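Heads up, the thing below is written out as structure tokens.
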Amino acid sequence: MELQDIFAIITGVYGLISFSHYGFRSLKLFRAKTAPRWRPVGWTKWGMLEFLHINFMIAITFVEIELVIGTIPHHPWVRLLSMPSPTICFWFGFMFIYSAFQTMRRKPLPFNMSSTEKGKTWRPGMLAIIEDAGGVEGQGGIVYRSNVMKRYEVSPIFRRMMMVLTWFWGVGLIFIAIVSTVIIMTLPENIGFGVGWGLPYLFSFFWVCLTMIFVKSQLRKEKSHWETKAAGEGQAVAEFA
32 MELQDIFAII TGVYGLISFS HYGFRSLKLF RAKTAPRWRP VGWTKWGMLE FLHINFMIAI
92 TFVEIELVIG TIPHHPWVRL LSMPSPTICF WFGFMFIYSA FQTMRRKPLP FNMSSTEKGK
152 TWRPGMLAII EDAGGVEGQG GIVYRSNVMK RYEVSPIFRR MMMVLTWFWG VGLIFIAIVS
212 TVIIMTLPEN IGFGVGWGLP YLFSFFWVCL TMIFVKSQLR KEKSHWETKA AGEGQAVAEF
272 A
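If you want this note's numbering, it's the position in the sequence shown, counting the first as 1, plus 31.
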């Protein structure tokens, strides 16, 4: 089997898996029978795209363009075919950093950011990703989405955690995307291909582990905060009575 055929198969399989997942998400969000359960809070119009949905579509479209163009020549452009994972990291990294920057500037949203309506102040991109992934992939539905929004509004610790995670993932993804791209363009093609596809996923696994440690510590801190606040309010009521 020629190298061109091998890469054509890789492109087809990757595209099939990616767009199949996108299609299943679309069915949940757009079908009249299922949309009220899965779509963001307050959405009533058909065909509106949630934040994760549209960013997933953009990233995968870039990836498929790279794979198709790189596979067309008789001698495939291996370095270009090594770039899908870094490309995804570049896109989501810039998205996280931009959303965090706009949140700090308290700029109004020019579009609906999942359950955060157009015109409201920007919120960290990680909040929308967590809302959408938990609402659809996590099977939480609109109840989960509503709870996430309420928690963000009432908990300063949760708001800070979302901002920190957005910067953490934004900077981290840009860093690993740059490192992977440099390796792809400098090392021999075969080595660069393996590193280009594998390194971002290894990095993401490490970043997820650090994220879990941080989130658990912040949730314990948040729980302690609410317990202390509840105890203080109870004591104040007792003294007043």
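Just so it is clear, CB atoms sit at the ideal spot from N, CA and C, and this is done for glycine as well.
All figures in this text were calculated on a predicted structure; none of them were measured in a lab.
- CYS120 counts as buried, since at least 16 other C-beta atoms from the protein chains shown sit within 10 angstroms of its C-beta.
- Around LYS151, the same chain offers LEU140 as residues with beta carbons nearer than 6 Å, after the five sequence neighbours per side are excluded.
- Nearest in C-alpha terms to PRO115, of all of PHE93, CYS240, PHE125 and THR134, is PHE93.
- THR75 sits in coil when the DSSP states are folded into three classes, being neither helix nor strand.
- If you check the CB distance, MET157 and PHE127 come in under 8 Å.
- Counting only residues of its own chain and dropping the five nearest sequence neighbours on each side, VAL226 has a CB closer than 6 Å to the CB of ILE214.
- In the DSSP assignment, THR152 is bridged to PRO139.
- Distance from the CA atom of CYS240 to the CA atom of ASN143, rounded to whole angstroms, is 31 Å.
- If you ignore the 5 residues before and after GLU220, its C-beta comes within less than 7 Å of the C-beta of VAL109 and ARG110, all in its own chain and listed in chain order.
- Taken atom to atom, the span from the alpha-carbon of ILE244 to that of ILE96 is near 37 Å.
- Just so you know, the alpha carbons of TRP74 and TYR53 end up roughly 19 Å apart.
- From the listed residues ILE161, VAL202 and GLY171, the smallest Cα separation to TYR183 is found for ILE161.
- Excluding its 5 nearest sequence neighbours in each direction, ARG70 has C-beta neighbours in its own chain below 6 Å: LEU60, listed in chain order.
- Of the candidates TRP200, VAL44 and PHE82, the residue whose Cα lies closest to the Cα of THR242 is TRP200.
- Looking only at TRP77, GLU81 and SER211, the smallest Cα-Cα distance to SER235 is reached by SER211.
- For PHE224, the closest of TYR129, PRO107, VAL202 and GLY171 by C-alpha to C-alpha distance is PRO107.
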